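Chemist:
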Amino acid sequence: MSSLKLQYLEIEIKINIFKFIDSPINLALSCKSWSIIAKDPYVKAKWLLHRASKAHAFFYGIKLGPTFMNEAICKILFAKKVVFSRYFIQRLMLQFATCFPKSVYPNGEPWAYNVRLDTLFSILKQGEVQYGEELTLRGNDMDKFYHLSGGPFLLMNVHTLLIKNLEEIKKLIINKKFIPFPPTRRSYFYSGYHVDYNLEKFPPFDGYEQERNLNIIARAIMFKPELINTWKSIGYSEVCDDFNEVVIHGLFLTLDPPSQVQHAFEKLVLNLEKFIEMGFRLTDRIIVDVLQFYEYELAELGEFLWRVFRSIRTGESDFTFIFGLFKVAFDPNRCHEKDDIFIFLKSKTTHHENFLRQILGQHFNRENLDDVNFNIRKKSLIFSPIIYEFVIKNYGSDSDLSLMCFKDTLALRIYYDDPNNGKFANKISIRLIKDIYDYFKIRIDYLPEHMELLRRAKSADIVKPFLEDFVPNVFLSNDDIKKSIWFNAIHSLKGDDYFNNYLLRLIEYFKFNG
Numbered sequence: 483m484s485s486l487k488l489q490y491l492e493i494e495i496k497i498n499i500f501k502f503i504d505s506p507i508n509l510a511l512s513c514k515s516w517s518i519i520a521k522d523p524y525v526k527a528k529w530l531l532h533r534a535s536k537a538h539a540f541f542y543g544i545k546l547g548p549t550f551m552n553e554a555i556c557k558i559l560f561a562k563k564v565v566f567s568r569y570f571i572q573r574l575m576l577q578f579a580t581c582f583p584k585s586v587y588p589n590g591e592p593w594a595y596n597v598r599l600d601t602l603f604s605i606l607k608q609g610e611v612q613y614g615e616e617l618t619l620r621g622n623d624m625d626k627f628y629h630l631s632g633g634p635f636l637l638m639n640v641h642t643l644l645i646k647n648l649e650e651i652k653k654l655i656i657n658k659k660f661i662p663f664p665p666t667r668r669s670y671f672y673s674g675y676h677v678d679y680n681l682e683k684f685p686p687f688d689g690y691e692q693e694r695n696l697n698i699i700a701r702a703i704m705f706k707p708e709l710i711n712t713w714k715s716i717g718y719s720e721v722c723d724d725f726n727e728v729v730i731h732g733l734f735l736t737l738d739p740p741s742q743v744q745h746a747f748e749k750l751v752l753n754l755e756k757f758i759e760m761g762f763r764l765t766d767r768i769i770v771d772v773l774q775f776y777e778y779e780l781a782e783l784g785e786f787l788w789r790v791f792r793s794i795r796t797g798e799s800d801f802t803f804i805f806g807l808f809k810v811a812f813d814p815n816r817c818h819e820k821d822d823i824f825i826f827l828k829s830k831t832t833h834h835e836n837f838l839r840q841i842l843g844q845h846f847n848r849e850n851l852d853d854v855n856f857n858i859r860k861k862s863l864i865f866s867p868i869i870y871e872f873v874i875k876n877y878g879s880d881s882d883l884s885l886m887c888f889k890d891t892l893a894l895r896i897y898y899d900d901p902n903n904g905k906f907a908n909k910i911s912i913r914l915i916k917d918i919y920d921y922f923k924i925r926i927d928y929l930p931e932h933m934e935l936l937r938r939a940k941s942a943d944i945v946k947p948f949l950e951d952f953v954p955n956v957f958l959s960n961d962d963i964k965k966s967i968w969f970n971a972i973h974s975l976k977g978d979d980y981f982n983n984y985l986l987r988l989i990e991y992f993k994f995n996g
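Numbering-wise (my numbering), the sequence shown opens with residue 483 and increments by one.
1. Quick one, which of I804, D813, C817 has its alpha-carbon nearest T832's?
2. Would you decide whether T549 is buried or exposed? Buried here means 16 or more other CB atoms lie within 10 Å of its CB.
3. Please work out which residues of its chain come closer than 8 Å, Cβ to Cβ, to E615, disregarding the five sequence neighbours upstream and downstream, and give them in chain order.
4. I need the straight-line Cα distance from N657 to G633, nearest angstrom please.
5. What residue ranges within the stretch 757-824 form continuous beta strand (DSSP E) runs of no fewer than 3 residues, ordered along the chain?
6. Are at least three pairs of beta-carbons, each pair with one atom in the stretch 838-847 and one in the stretch 895-904, less than 8 Å apart?
7. Return the residue from the list K909, L949, A534 that minimises the CA-CA distance to D723.
8. For my contact list, P662 and I699 are in at a C-beta cut-off of 8 Å; report their separation, rounded to the angstrom.
9. Leaving aside the five residues before and after H932 along the sequence, list all residues of the same chain whose C-beta is less than 8 Å from its C-beta, in chain order.
10. Can you say whether S884 is buried or exposed, counting buried as having 16 or more other CB atoms within 10 angstroms of its CB?
11. Measure from the alpha carbon of N753 to the alpha carbon of each residue in M704, D771, N876, then state which is nearest.
12. Would you grab the beta carbon distance between Y718 and V565 for me? Rounded to a whole angstrom, and I think it's under 8 Å.
13. May I ask you to report which of helix, strand or coil DSSP gives V565?
14. Within 10 angstroms of its Cβ, does I519 collect 16 or more other Cβ (buried), or is it exposed?
15. For the alpha helix (DSSP H) that K607 lies in, which residues bound it at each end?
16. Please work out which residues of its chain come closer than 7 Å, Cβ to Cβ, to I768, disregarding the five sequence neighbours upstream and downstream, and give them in chain order.
17. With a cut-off of 8 Å on the beta carbons, I'd call F627 and I651 a contact; round off their distance for me.
18. Between the Cα of K940 and those of N903, D927, P867, Q577, spot the shortest distance and give me the residue it belongs to.
19. With C-beta atoms as the reference, is L750 less than 8 Å away from R795?
20. Looking only at its chain, what residues have a beta carbon closer than 7 Å to the beta carbon of P867, apart from the 5 residues adjacent to it on each side?
21. With a threshold of 7 Å on Cβ separation, who are the neighbours of M760 within its own chain once the five nearest residues in sequence on each side are excluded?
22. Using CA coordinates, which residue listed in N596, F540, K563, N836 is at the minimum distance from F570?
23. Figure out for me which residue from L773, H641, L733, K607 has the closest Cα to the Cα of I758.
24. Suppose the cutoff is 6 Å on Cβ atoms and the five residues either side in sequence are ignored; what does the same chain contact list for K496 look like?
25. What residue from D813, F725, W593, Q774 has the CA that sits closest to P685's CA?
26. Would you mind giving the Cβ-Cβ distance between S715 and K659, rounded to the nearest angstrom? I have them listed as a contact below 8 Å.
27. Between Q577 and N622, how many whole angstroms is the CB-CB distance? I'm expecting something under 8 Å.
28. Using a 10 Å radius around the Cβ and a threshold of 16 neighbouring Cβ atoms, would you call M638 buried or exposed?
29. Report buried or exposed for H1011, applying the criterion of at least 16 other Cβ atoms within 10 angstroms of its Cβ.
30. Compute the Euclidean distance between the alpha carbons of R938 and I944, then round it to the nearest angstrom.
31. State buried or exposed for H538, treating a residue as buried only when at least 16 other CB atoms are found within 10 Å of its CB.
32. Taking its Cβ as the centre, do 16 or more other Cβ atoms sit within 10 Å of K860, making it buried, or is it exposed?
33. Would you kindly report the start and end of the unbroken alpha helix (DSSP H) that includes K528?
34. Just to confirm before moving on: does the CB-CB distance between R1012 and V640 stay below 8 Å?
35. Leaving aside the five residues before and after I926 along the sequence, list all residues of the same chain whose C-beta is less than 8 Å from its C-beta, in chain order.
36. Counting C-beta neighbours from all protein chains within 10 Å, is the total for E748 16 or more, i.e. buried, or is it exposed?
Set out below in structure tokens:
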């Protein structure tokens, strides 16, 4: 093989490696050869298509900013027949150079705010070629879909309107390539999270589709699933992924009355199977969302919902299935108002304590609880306060799970005991930390490993319960082993600060007078 062919082969291999890199900027800075590859429009377009798919390639290309998206990349994307929606052009023109308050986007620029002019002209030129006089730059295809699908009408009238306007909707999709912008990746059912559609800003500064619009489209899909095939026919292959959560959630919102249990079960399972056959998925996150949504009615609906979940997810063992739900339910980013969902999941397995030990241990280790100076770990509760209370109520004060939770709250309580650390902190968050600590301190014994934390405390609220309640009880008890352990732990702390001296004098007192 000639040296020239080898050189081309090397470049092709590097291009294929490049498209799999999440953040190629580091690779581009590593050496000159990678920098040349990273700047090549063909390589950038290939990377973009691998990351974003043909339906959302232009959206994410614009989102990456003017240093990434240019006229050359636009031409390559057009040549590769990416889906080029009229709605995309309309939104681009609406948001181009739009001014948002700086407080709305403190960490970045709004979507399409600073598109390069050569990129904009290239997109408009292609739009004129593709749509001609029907380009309607000041139009809004989302608004048109909203009215055609019965958006302003009651649910009972929507089906009739969809039947009447179905062909018009299909024409909008096929002829004008109507594709909504991608959704933000967050759950719609998180407890405590509510979207007031009247307060949603249009256009949204981050470019993602409004949840009001996503719900309108999801409703149309639920009534007319054939729209999925229409979207797939124009290249929108990820329509099921984009609308997976909101559509499957919607199916669970339309439950029949509990009095008709068998009919409701058969109807819901049939609907779920129909959508799953199209490409939708009943994920762990959706299951937990549904359980959390019906948390106040789990006593009546819990077993019914569980039968539905297991009828769809039949290919998994109970162990694997329930462990997946535990991981989602105990996600630190999930909000909770009640612990009913934890009690319900706990009732479904005998492995619940091991599941929690693995999940809590993983997150506590990741946050590095031993970082008493808070150089690395986050400065707020790792989990929802409801989880801490659930753990101690269900596993007792001697459980290693409770001790892990107590160590987290103790470290935070002492950290915010220093007024300098609380200057810029959220006052509600600090109040929560204090409340959880107060809940724990009367239920859990201190351990010698807590000494390094306790000696940093300055507030009487922290020091007094330990010095005046816990330590005297230890040295007045008949447990010689425990007394010996604590005696050694206290003596191992070097220094002449007030806290240490107080402890040593206290020990001497109980040693001679106990």
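Yeah, the Cβ is synthetic: ideal placement off N, Cα and C, and Gly gets one too. Bear in mind that the values here come from a model prediction, so they are computed numbers and not experimental data.
Modeler: Result, derived from the coordinates:
1. Closest by alpha carbon: I804.
2. With fewer than 16 neighbouring CB atoms inside 10 Å of its own CB, T549 falls in the exposed class.
3. Nothing listed; no residue qualifies.
4. Going from the Cα of N657 to the Cα of G633 covers about 22 Å.
5. None, since the stretch 757-824 contains no complete beta strand (DSSP E) of that length.
6. The stretch 838-847 is not in contact with the stretch 895-904.
7. Minimum Cα distance to D723 is reached at A534.
8. The beta-carbon distance between P662 and I699, rounded to whole angstroms, is 6 Å. This is short enough to meet the 8 Å contact definition.
9. Correct list, in chain order: K889, L892.
10. When all chains shown are included, S884 counts as buried.
11. When each option's Cα is compared against that of N753, the closest is M704.
12. About 6 Å separates the beta carbons of Y718 and V565, which is inside the 8 Å limit, making them a contact pair.
13. Correct three-state label for V565: coil.
14. Looking at its Cβ environment, which holds 16 or more other Cβ atoms inside 10 Å, I519 is buried.
15. In the DSSP assignment, K607 falls within the alpha helix (DSSP H) that extends over 599-613.
16. By the criterion of a C-beta distance shorter than 7 Å, I768 is surrounded in its chain by E727, I730, H731, once the five residues flanking it on both sides are discounted.
17. Correct: roughly 7 Å between the Cβ atoms.
18. Of the candidates N903, D927, P867, Q577, the residue whose Cα lies closest to the Cα of K940 is N903.
19. No; because the gap between Cβ atoms is not below 8 Å, this pair is not in contact.
20. Taken in chain order, the residues that qualify are L914, I918.
21. Contacts found: P707, I710, C722.
22. Measuring from the Cα of F570, the nearest candidate turns out to be F540.
23. Measuring from the Cα of I758, the nearest candidate turns out to be L733.
24. Around K496: I519.
25. Its Cα nearest to that of P685, the residue W593 stands out among D813, F725, W593, Q774.
26. That pair is no contact at about 11 Å.
27. Rounded, the Cβ-Cβ distance is 12 Å, inconsistent with contact.
28. With fewer than 16 Cβ atoms within 10 Å of its Cβ, M638 is classed as exposed.
29. The structure shown has nothing for residue 1011, since the chain only spans 483 to 996.
30. Each residue's CA atom was taken as its position, placing R938 and I944 some 10 Å apart.
31. Looking at its Cβ environment, which holds 16 or more other Cβ atoms inside 10 Å, H538 is buried.
32. Under this definition K860 is an exposed residue.
33. Looking at the DSSP string, the run of the alpha helix (DSSP H) that includes K528 is 523-534.
34. There is no way to answer for residue 1012, as the model of the chain reaches only from 483 to 996.
35. These residues qualify, in order along the chain: I874, S879, S884, L885, F888.
36. Its Cβ having fewer than 16 others within 10 Å, E748 is exposed.
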